[in-house]
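Reading through the structure tokens given below for one structure.
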Amino acid sequence: MNIKNKAESDYTISKLGLNRIADRLYTQDNLIELEEYLNDNKDLVYNIRDKSSAMGKFRYKLTADEVLEIAHTYEKFSVYESLHEVDKNLILQGDISLDKQFNLLASLDNTKNISNRQAMTNPRYTVEQ
Numbered sequence: 179m180n181i182k183n184k185a186e187s188d189y190t191i192s193k194l195g196l197n198r199i200a201d202r203l204y205t206q207d208n209l210i211e212l213e214e215y216l217n218d219n220k221d222l223v224y225n226i227r228d229k230s231s232a233m234g235k236f237r238y239k240l241t242a243d244e245v246l247e248i249a250h251t252y253e254k255f256s257v258y259e260s261l262h263e264v265d266k267n268l269i270l271q272g273d274i275s276l277d278k279q280f281n282l283l284a285s286l287d288n289t290k291n292i293s294n295r296q297a298m299t300n301p302r303y304t305v306e307q
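Under the working numbering, the first residue of the sequence shown carries the number 179, and numbering increases by one thereafter.
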């Protein structure tokens with residue numbers, strides 16, 4: 179499987195039934211819907227992710243007010259519940275993949291209170307076999 183961009187990644191994750199978090203897509207044209215979503219889910223903490231490009235801006239563990247403050251800086255983005263509470267039971271997070279020659283590539287971290295993207299970008303542990 180060769181994923182070329184974030185849209186393909188989102189589609190594949192959905193098709194395989196791997197995403198368990200409601201992921202809502204927003205643009206500057208539907209910020210009222212964003213505000214309604216945040217009002218309906220007041221007690222949550224959120225993540226916001228740029229969907230206009232691969233490895234776009236990502237913010238972790240934001241309050242609803244913080245999301246509303248920065249939403250105008252994104253063109254196309256998603257907002258969803260942050261799973262920061264899972265950190266209490268975190269053992270390991272990151273990315274494991276195989277390249278075309280079936281070489282194992284892993285970027286892993288066991289640091290609490292960081293996003294998976296941070297774990298993959300600056301891992302504590304790497305494996306290449």
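Note that the Cβ used here is the ideal one computed from N, Cα and C, for glycine as well.
> In this structure, what does DSSP give as the bridge partners for residue 224?
Replying inline: 240, 259
> Of the choices 251, 207, 276, 265, whose alpha-carbon is the least far from that of residue 307?
Replying inline: 276
> Does the separation of the CB atoms of residue 272 and residue 224 fall below 9 Å?
Replying inline: no
> If you drop the 5 nearest sequence neighbours on each side, which residues of the same chain put their C-beta closer than 7 Å to that of residue 188?
Replying inline: Result list for residue 188: empty, nothing under 7 Å.
> Span of the beta strand (DSSP E) holding residue 287?
Replying inline: 282-287
> Helix, strand or coil: how does DSSP classify residue 275 here?
Replying inline: strand
>> Are the CB atoms of residue 247 and residue 206 within a distance shorter than 9 Å?
In response: no
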